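Counting from 5, one number per residue, gives the positions in the sequence shown under my numbering.
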Amino acid sequence: MSIQPFPEWPALVAGYNRINAYGQANGMILSVPAPGQAEYRMVIQPEHLSSPGVAHGGVLAGLMDAVLGAAALTLAFTTGELVSTVEFKINFLHPVRLGDELRATAQVDHAGKSLVVCSGTIYRQAAGKPGETAVAQGLGTFNRYPAGKRLGELGSMLP
Numbered sequence: 005m006s007i008q009p010f011p012e013w014p015a016l017v018a019g020y021n022r023i024n025a026y027g028q029a030n031g032m033i034l035s036v037p038a039p040g041q042a043e044y045r046m047v048i049q050p051e052h053l054s055s056p057g058v059a060h061g062g063v064l065a066g067l068m069d070a071v072l073g074a075a076a077l078t079l080a081f082t083t084g085e086l087v088s089t090v091e092f093k094i095n096f097l098h099p100v101r102l103g104d105e106l107r108a109t110a111q112v113d114h115a116g117k118s119l120v121v122c123s124g125t126i127y128r129q130a131a132g133k134p135g136e137t138a139v140a141q142g143l144g145t146f147n148r149y150p151a152g153k154r155l156g157e158l159g160s161m162l163p
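Shown next, in the form of structure tokens:
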């Protein structure tokens, strides 16, 4: 799938990071390696833990939903649309601990007239250990709809 970026793309991503309250509250930073792809990074903090030293699964589920949705948004933004989650699933592969750095990646696998399907993986860089380990995999379906005036200042950057 080839999605063409537009000149305002970097400013749009920076603006999205500014207005994304959920991402800010969880220390998540979005980047877009290429149209149709998204990447989030975050570090597991004490407020993300559910049992001593281990992150709550909801933290990873929230990160997965965010990165899958962001990948879908890279497509939707090119046509003046937004997306909302229809459904997603996540498979937890390994625990995540306090201080682990997470890198979540996702890509658009299918883009239909009204639905977008994305898949993604969350990787863990354990504190003080070399290399990354896949800790979760996910699949999501997103509904496309016209952005209208919902984007505020970002709406002026859309084609």
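We put the CB at the ideal spot given by N, CA and C, even for glycine.
Computed from a predicted model, the values in this text were never measured in an experiment.
Item to complete: Going by CA-CA distance only, name the one from 67, 35, 111, 48 that's closest to residue 15.
Response: 35
Item to complete: Compute the Euclidean distance between the alpha carbons of residue 137 and residue 74, then round it to the nearest angstrom.
Response: 22 Å
Worksheet item: What are the uninterrupted segments assigned as beta strand (DSSP E) that are 3 or more residues long and contained completely in the segment 19-89, given in chain order?
Response: 33-35, 41-47, 53-55
Worksheet entry | Burial state of residue 163, where buried means 16 or more other Cβ atoms lie within 10 Å | Confidence at residue 163 is low in this model, with a pLDDT of 48, below 50, so its placement is unreliable and no value can be given for it.
Item to complete: Report the three-state DSSP secondary structure of residue 121 (helix, strand or coil).
Response: strand
Discussion item. Is the separation between the beta-carbon of residue 145 and that of residue 91 shorter than 9 Å?
Written reply: yes
Worksheet item: CA-CA distance, residue 58 and residue 121?
Response: 30 Å
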